[in-house]
Ligand code: PFF
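Residue numbers (my numbering): 39 to 485.
Now the structure itself:
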């Protein structure tokens, strides 16, 4: 096959599916719900929605445009474009921090992907059957307390990721997503239905959408903005890398809108599935990263056909996690492949081994290394917080500022198919609203 790095997507639909495949993942279901629970609910959700619309959309489009112009890995793309526009090569740092973020995120993402695999098997062997809240909490606690088991599932997840990535970019990514993503939506709707009939749905709905603004502080706002970046795969060079495979004929704004609506809908559905169970069973909404793994088995264990639905759900969640994980590994591999003599396979294996190793440190922080703290956080929380609250916003900011400085010109207006009026609004969004928004939230998060 011709050099994979600059192959193009097989079709426009293929690109939409791949971008959605990257965006929709554990972030929508696992991370969104646990952060919403931890951050007090609606105020967090509303800031998150505002960030998706006002910051996420422009940065998504900007990353694609940068990638499409640059046609290389995120670091070289930034360096080349900066040079072409007479700017400092220091802009390559935006690419570097994006690649670093992908690397670090994948390391803990794979641990959670492993939990999802473990729960898929749990569903098969019927371990959710008749489970109540206490049993579910105990089962999850037992998994966390067992480093050997966590290691096996994390390793298995990484092996699956490598197996797929090593075979190249277009294969496998697109085809499966076409069927499996709608299936995930259907299963989430079933779970929302369960919550509406058997859970504390009203309470959950109010928790998610009736804000108690007193719960809002700089930390919550920063968490919400970080989540917007995380869930849309922004600030990591990923969408930039995807843009580099993109043909000239794709409508960026329309595609961005589709991806964002789908991604956001899945997160909100996940919340509406999970919180009715949380409140009906008196679980602690702020219990952290285990939230979905404690709540959903209770639903599956007590609903008609729960074993099969549970199996379907965790299988689909694992699949969504895999498509996202593949996209997380891609920029790291692409960078190594284009900058070293390792070749595609070598670059994939080396990157994955390094990611796996950091992941091992992350999983140990749930048990034997629980007391190892970095800046007061265990290793897992540190990786999640440092990437979500610092690296992603800063990289995303770099991308949007670079776009505004270098690419936001007549050519880009035509590329977006906008008239002059619409473009002036777009200009306002990309030049002022998004970057200033990121800076304000970022600063507020640290004071
Ligand atoms: N957006 C994915 C999710 O929400 O699960 C996770 C992810 C994939 C984050 C790719 C970042 C990324 F670059």
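Glycine is no exception: its CB is placed at the ideal position from the N, C-alpha and C atoms.
Residue 413 counts as exposed, since fewer than 16 other beta carbons sit within 10 angstroms of its beta carbon. Using a 10 angstroms sphere on the CB of residue 352, the tally of other CB atoms reaches 16 or more, which defines it as buried. Distance from the CA of residue 335 to the CA of residue 169, rounded to the nearest whole angstrom, comes to 7 angstroms. The C-alpha of residue 359 is placed about 14 angstroms away from the C-alpha of residue 221.
Burial is judged here by how many other beta carbons sit within 10 angstroms of a residue's own beta carbon; residue 51 has fewer than 16 and is exposed. The C-beta separation of residue 425 from residue 100 comes to about 20 angstroms, leaving the pair out of contact by the 8 angstroms criterion. Taking every protein chain shown into account, the CB of residue 416 has 16 or more other CB atoms within 10 angstroms, so this residue is buried. In this chain, the alpha helix (DSSP H) harbouring residue 297 covers 290 to 318. The stretch 280 to 288 makes no contact with the stretch 252 to 270: fewer than 3 CB pairs, one atom from each, lie closer than 8 angstroms. For residue 416, the secondary structure class from DSSP, reduced to helix, strand or coil, is strand.
Here residue 182 carries a helix assignment [DSSP, helix/strand/coil]. Inclusion of residue 311 and residue 337 in the CB contact set at 9 angstroms is warranted, their separation being smaller than that value. When distances are taken from the beta-carbon of residue 147 to the heavy atoms of the ligand PFF, the shortest one is below 8 angstroms.
Going by beta carbons, residue 271 and residue 64 fall outside the 9 angstroms limit.
DSSP, read as helix, strand or coil, puts residue 254 in coil.
In this structure, 340 is the residue among 340, 132 and 102 with its C-alpha nearest to the C-alpha of residue 232.
For the options 407, 70, 155 and 125, the alpha carbon positioned closest to that of residue 198 is the one of 155. Out of 460, 161 and 174, the CA that lies nearest to the CA of residue 321 is found in 174. With at least 16 other beta carbons inside 10 angstroms of its own, residue 110 counts as buried. Under the three-state reduction of DSSP output, residue 270 falls in the coil class, being neither helix nor strand. By the criterion of a C-beta distance shorter than 8 angstroms, residue 148 is surrounded in its chain by 192, 195, 196, 199, 363, 393, 394 and 397, once the five residues flanking it on both sides are discounted. Residue environment: residue 107 is assigned as buried (16 or more neighbouring CB atoms within 10 Å of its CB, all protein chains considered). Cβ-Cβ distances below 7 angstroms link residue 113 to 130, 133, 134, 137 and 373 in the same chain, with the five nearest sequence neighbours on each side left out; the list follows chain order. Here residue 276 is buried, its C-beta having at least 16 other C-beta atoms within 10 Å. Of all C-beta pairs linking the stretch 215 to 230 to the stretch 55 to 62, three or more are shorter than 8 angstroms, placing the two stretches in contact. Closer than 8 angstroms to some heavy atom of the ligand PFF: that describes the Cβ of residue 62. Taking C-beta atoms under 8 angstroms as the contact rule, residue 401 and residue 144 fail to qualify, at a distance of about 13 angstroms.
When C-alpha distances from residue 332 are compared across 278, 153 and 267, the shortest belongs to 153.
Counting only residues of its own chain and dropping the five nearest sequence neighbours on each side, residue 422 has a CB closer than 7 angstroms to the CB of 146.
Spatial neighbours of residue 237 in its own chain (CB-CB distance under 6 angstroms, excluding positions within 5 residues in sequence) are listed in chain order as 314, 315 and 318. 9 angstroms or more divides the Cβ of residue 343 from the Cβ of residue 166. CA-to-CA, the gap between residue 91 and residue 479 works out to about 15 angstroms.
Taking C-beta separations shorter than 7 angstroms and ignoring five residues to either side along the sequence, the partners of residue 96 in its chain run 438, 467, 468 and 472, following chain order.
Rounded to whole angstroms, the Cβ separation of residue 250 and residue 80 is 7 angstroms, and the two are in contact under 8 angstroms. Note: residue 411 is bridge-paired with 416 in the DSSP secondary-structure output. Rounded to the nearest whole angstrom, the C-alpha separation of residue 234 and residue 427 is 33 angstroms.
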